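Colleague:
Protein chains: 2
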Amino acid sequence: MNEQLQPLKKPTRVGKAGRSGTQDDIVYAHIFEAILEQRLAPGTKLSEEALGEIFGVSRTIIRRALSRLAHESVVLLRPNRGAVVASPTVEEARQVFFSRRMVERAITELAVLHATPEQLNELRLMVREERDSFSRGDRGAGIRLSGEFHLKLAEAAGNAPLISFQRSLVSQTSLIIAQYESGNRSHCSYDEHMQLIDAIEARDAEQAVSLMMHHMDHIDSKLNLDEESASDDLHAVFSHLLQTKKRGGSVSAKG
Amino acid sequence: MNEQLQPLKKPTRVGKAGRSGTQDDIVYAHIFEAILEQRLAPGTKLSEEALGEIFGVSRTIIRRALSRLAHESVVLLRPNRGAVVASPTVEEARQVFFSRRMVERAITELAVLHATPEQLNELRLMVREERDSFSRGDRGAGIRLSGEFHLKLAEAAGNAPLISFQRSLVSQTSLIIAQYESGNRSHCSYDEHMQLIDAIEARDAEQAVSLMMHHMDHIDSKLNLDEESASDDLHAVFSHLLQTKKRGGSVSAKG
DNA sequence: GATTATGCGTTTGTATACAAATAATGCAAA
DNA sequence: TTTGCATTATTTGTATACAAACGCATAATC
Chain F
58 MNEQLQPLKK PTRVGKAGRS GTQDDIVYAH IFEAILEQRL APGTKLSEEA LGEIFGVSRT
118 IIRRALSRLA HESVVLLRPN RGAVVASPTV EEARQVFFSR RMVERAITEL AVLHATPEQL
178 NELRLMVREE RDSFSRGDRG AGIRLSGEFH LKLAEAAGNA PLISFQRSLV SQTSLIIAQY
238 ESGNRSHCSY DEHMQLIDAI EARDAEQAVS LMMHHMDHID SKLNLDEESA SDDLHAVFSH
298 LLQTKKRGGS VSAKG
Chain L
58 MNEQLQPLKK PTRVGKAGRS GTQDDIVYAH IFEAILEQRL APGTKLSEEA LGEIFGVSRT
118 IIRRALSRLA HESVVLLRPN RGAVVASPTV EEARQVFFSR RMVERAITEL AVLHATPEQL
178 NELRLMVREE RDSFSRGDRG AGIRLSGEFH LKLAEAAGNA PLISFQRSLV SQTSLIIAQY
238 ESGNRSHCSY DEHMQLIDAI EARDAEQAVS LMMHHMDHID SKLNLDEESA SDDLHAVFSH
298 LLQTKKRGGS VSAKG
């Protein structure tokens, strides 16, 4: 019955993701976190009733949470056909990265101007957590913390519209990584994150922006967005059939 | 009973704002249009039941429309206290304009690269409509079309995340204009819009961006965001009591 | 044998009923 | 007259019931 929702495990503790908000905030945060940690794969069907049972709330709440996620383009809401985790196409991925470059540049410049020592401390703390997660082998948490770092940086910039936009972009980026990351090495982004904080603390705007732009380059150099621009949806469908577990070089050529 | 919703008139024709979507799309579009045309003033209470009666749908639909509007920061959704049309503070207004500068620059550069002749034609058509509206004295429609011009330009740029962000920023800008515009002359933006299209058609990126930035300057030079930074909410409360209809110079001094 | 039609089961869309929270009103006391 | 409190009324939050749409499976027809 609920076999479509295999990756979603019932969260026993409402601690981390559940903020002190209303019920739909909790559901939203949990699904958002599940996507950020890639426990929910792109294309996964999100049945309202199943989710309602899992979280112990009615469909009304689930529906609102999905609506918010859909507005951030993290979830695709097809009329009369339910919600699925979005599967960004290559073109959509490019657009997201373009926007992110623009936003991250602005955020970095603002953070250099406005970030308080407390915020810089918090950022450092997050990077350490991120590093620990990766070294512990908890890739999911690492990716989530990496995303939250960029979100926190947006908060340090202190521009509300930018924060909300960044939230949408970061979660979409996570989806894109889940879908297109070439299985090379893991995200060793924490090193770049730390350098970035140093530059911001030194109030060196030029250096900070330069580091951020290189960071962006590194992120999308790990993806293979060059291929499959033609057989788009089809490839997404067949990808897990062709290379179920063996991530290898034999498929690297376009073909 | 419904005296709080005085500015909202029941739209007899569903033509312009009502797209071929589901019911909540129609409600969303109507409220959005009403805000864009400033028939709904900042702070106006948006009762779910009243709106439901007006549009002939249940609260469920209204609720979804309000939720979408809230996510675009056009409507403020206070827990257990209902929805109101947002009243941006001076600081929020500054943040919106900062973001808009950033986005409009990117949009202009992309439009120079990607705008098709058809899109340029459509843009010109919109500017003519805008000009006609102003010369006809229909200031509301003029402001709406001015906003839709910037939205259309975002579409011509062809970047989906940017479009959605721009939608949010444009509607917030309209709110800000409603709240802070000094009653000088009307928005003669259509002239600048037309020049902008010319520069884009000529594929002159530098000129187009320069025009756009000046356009942004003009927009916020019409606002008086410099004052009232201290007595923020209080002033908003008293403003319509002090100068109900007489827009004059006697109140211009900060005091 | 392939393709289209039809019925059934499941899932979403919408309305409404009930519970909870907030705002308004009236009364009493200082 | 004003301030504080208690009660009432209105409004929002949530759950659920019913209707409509979709997908799948079976069956009938070409």
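Here the protein sequences come in this chain order: F and L.
Residue numbers 58 to 312, in the working numbering, belong to the letters of the first sequence in order.
Residue numbers 58 to 312, in the working numbering, belong to the letters of the second sequence in order.
Even glycine gets a Cβ: it sits at the ideal position worked out from N, Cα and C.
It should be emphasised that the depicted structure is a prediction, and the values quoted were computed from it without experimental measurement.
1. Rounded to whole angstroms, what is the Cα-Cα separation between L133 of chain L and E161 of chain F?
2. Taking A168 of chain L and A213 of chain L to be in contact with their CB atoms under 8 Å, please state how far apart those CB atoms are, rounded to whole angstroms.
3. Counting along the chain, where does the alpha helix (DSSP H) carrying G197 of chain L start and finish?
4. Take K183 of chain L and list the residues in its own chain whose beta-carbon comes closer than 7 Å to its own, dropping the five residues that flank it on each side.
5. Residues of the stretch 115-146 of chain F in Cβ contact with chain L at a cutoff of 8 Å, in chain order, please.
6. Is the separation between the beta-carbon of R121 of chain F and that of E105 of chain F shorter than 8 Å?
7. Check whether the Cβ atoms of E94 of chain F and I200 of chain F lie closer than 8 Å to each other.
8. Any residues in the stretch 158-169 of chain L with a beta carbon nearer than 7 Å to a beta carbon of chain F? Which ones, in chain order?
9. Suppose the cutoff is 7 Å on Cβ atoms and the five residues either side in sequence are ignored; what does the same chain contact list for V114 of chain L look like?
10. Between the stretch 260-273 of chain L and the stretch 146-160 of chain L, can you find at least three pairs of beta-carbon atoms closer than 8 Å?
11. Quick one: does S230 of chain L have its CB under 8 Å from some CB of chain F?
12. In terms of alpha-carbon separation, which member of L:N137, L:I118 and L:A143 lies closest to A127 of chain L?
13. Between the alpha carbons of E249 of chain L and L268 of chain L, how many angstroms are there, rounded?
14. Just to check, is the beta-carbon of R158 of chain L closer than 7 Å to a non-hydrogen atom of the ligand FMN?
15. Interface residues of chain F around A217 of chain L at Cβ under 7 Å?
16. For M251 of chain F, I'd like the list of residues in its chain whose CB is within less than 6 Å of its CB, leaving aside the five on either flank, ordered along the chain.
17. Check the Cβ of F349 of chain F against every Cβ in chain L and list those closer than 7 Å, keeping chain order.
18. Given a cut-off of 8 Å, decide if R188 of chain L and Y247 of chain L are closer than it, judged by their beta-carbon atoms.
19. Using DSSP bridges, identify the partner residues of L133 of chain L.
20. Apart from the five residues just before and just after G215 of chain F, which ones in its own chain have a Cβ nearer than 6 Å to its Cβ?
21. Just checking my contact of I92 of chain F with V131 of chain F at CB under 8 Å: how many whole Å lie between their CB atoms?
22. Just the Cα atoms here: how many angstroms apart are S225 of chain F and R125 of chain F?
23. Candidates F:A262, F:F112, F:A107 and F:L219: which alpha carbon is nearest G139 of chain F's?
24. Please report the distance separating the alpha-carbon of P136 of chain L from that of F222 of chain L.
25. What is the rounded straight-line gap between the Cα of K279 of chain F and the Cα of G109 of chain F?
26. With the cut-off set at 8 Å, would you say P145 of chain L and L232 of chain L are in Cβ contact?
27. Taking beta-carbon pairs under 7 Å, can you tell me which members of the stretch 77-88 of chain F lie near chain L?
28. Does the beta-carbon of T173 of chain L have 16 or more other beta-carbons within 10 angstroms, so that it is buried, or is it exposed?
29. Quick check on E105 of chain F: does DSSP put it in helix, strand or coil?
30. Start and end of the alpha helix (DSSP H) containing P99 of chain F?
31. So what does DSSP say about L280 of chain L, is it helix, strand or coil?
32. Using a Cβ-Cβ cut-off of 8 Å (strictly less than) and excluding sequence neighbours within five positions of I220 of chain L, which residues of its own chain qualify?
33. Let me know the secondary structure DSSP gives E94 of chain L once reduced to three states.
34. Indicate whether at least one CB of chain F lies closer than 8 Å to the CB of A287 of chain L.
35. Using beta-carbon positions only, say whether Q152 of chain F and P99 of chain L come within less than 8 Å of one another.
36. Using C-beta distances below 7 Å, list every residue in its chain close to V227 of chain L, excluding the 5 sequence neighbours before and after it, in chain order.
Modeller: Let me spell this out:
1. 27 Å
2. 5 Å
3. R196 to A214
4. At residue 183 of chain L the sequence reads Met, which differs from the Lys that was named. Taken in chain order, the residues that qualify are L202, E205, F206 and K209.
5. R121, S124, R125, H128, S130 and P136
6. no
7. yes
8. M159 and A163
9. Q80 and V84
10. yes
11. The question names Ser, but residue 230 of chain L is Thr in the sequence shown. Output row for T230 of chain L: interface = no.
12. L:A143
13. 7 Å
14. With respect to small molecules bound, the structure shown includes none, and the ligand FMN cannot be examined in it.
15. E149 and Q152
16. V184
17. Here chain F has residues from 58 to 312 only, and residue 349 of chain F is not among them.
18. yes
19. L:V141
20. H171
21. 6 Å
22. 10 Å
23. F:A107
24. 25 Å
25. 36 Å
26. yes
27. T79
28. exposed
29. helix
30. Taken as a continuous stretch (DSSP letters only), P99 of chain F belongs to no alpha helix (DSSP H), as it is neither H nor E.
31. strand
32. L208, A211, E212 and A214
33. coil
34. Any reading at A287 of chain L is ruled out, since the residue's pLDDT is 40, under 50, leaving its predicted position unreliable.
35. no
36. G204, H207 and L208
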